[in-house]
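In the numbering used here, the protein residues as written are 288 to 405.
Spelled out as structure tokens, the structure:
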């Protein structure tokens, strides 16, 4: 169950400009060990950064011009689902990018991706 709530404040300075952000976390770990909570926080952001890098490389997310309404949020969610399906496929020895392209070219492979048991 819930054992602690933590607030991590980050300051970033670029030139003369300083920005401060606060991130809040809930944890089942005791709040008495601040160093451990900080380590877990950094681990969380490492996973987030790795996911963003993979999504950007495979789906060129940073180049996306989608801005209208909730389309950008929908696109991000669908790309996360697609990435999960591509990673789950073990039938081909290919990169995630190659599998994505193959899914666009080969309807049978696309059907396999969508209906595979994960």
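Backbone N, C-alpha and C fix where the C-beta goes; we use that ideal spot for every residue, glycine too.
Asked                                                                                                                          : Found
Residue closest to residue 297, alpha-carbon to alpha-carbon, out of 329, 315, 319 and 317                                     : 329
Proximity winner among 291, 355 and 353, relative to residue 320 (alpha-carbon distances)                                      : 291
C-beta contact flag for residue 344 and residue 384 at 8 angstroms                                                             : yes
CA nearest to the CA of residue 342, picked from 398, 393, 295 and 387                                                         : 387
Spatial neighbours of residue 280 in its chain, beta-carbon cut-off 6 angstroms, leaving aside the 5 residues before and after : The first residue shown for the chain is 288 and the last is 405, placing residue 280 beyond what the model contains.
Straight-line gap, residue 352 to residue 358 (C-alpha atoms, nearest Å)                                                       : 10 angstroms
Check whether residue 400 and residue 372 have beta carbons under 8 angstroms apart                                            : yes
Status (buried if at least 16 other CB within 10 Å, exposed otherwise) for residue 366                                         : buried
Proximity to residue 289 [Cα-Cα], best of 368, 312 and 304                                                                     : 312
Member of 308, 368, 326 and 307 whose CA lies at the smallest distance from the CA of residue 314                              : 326
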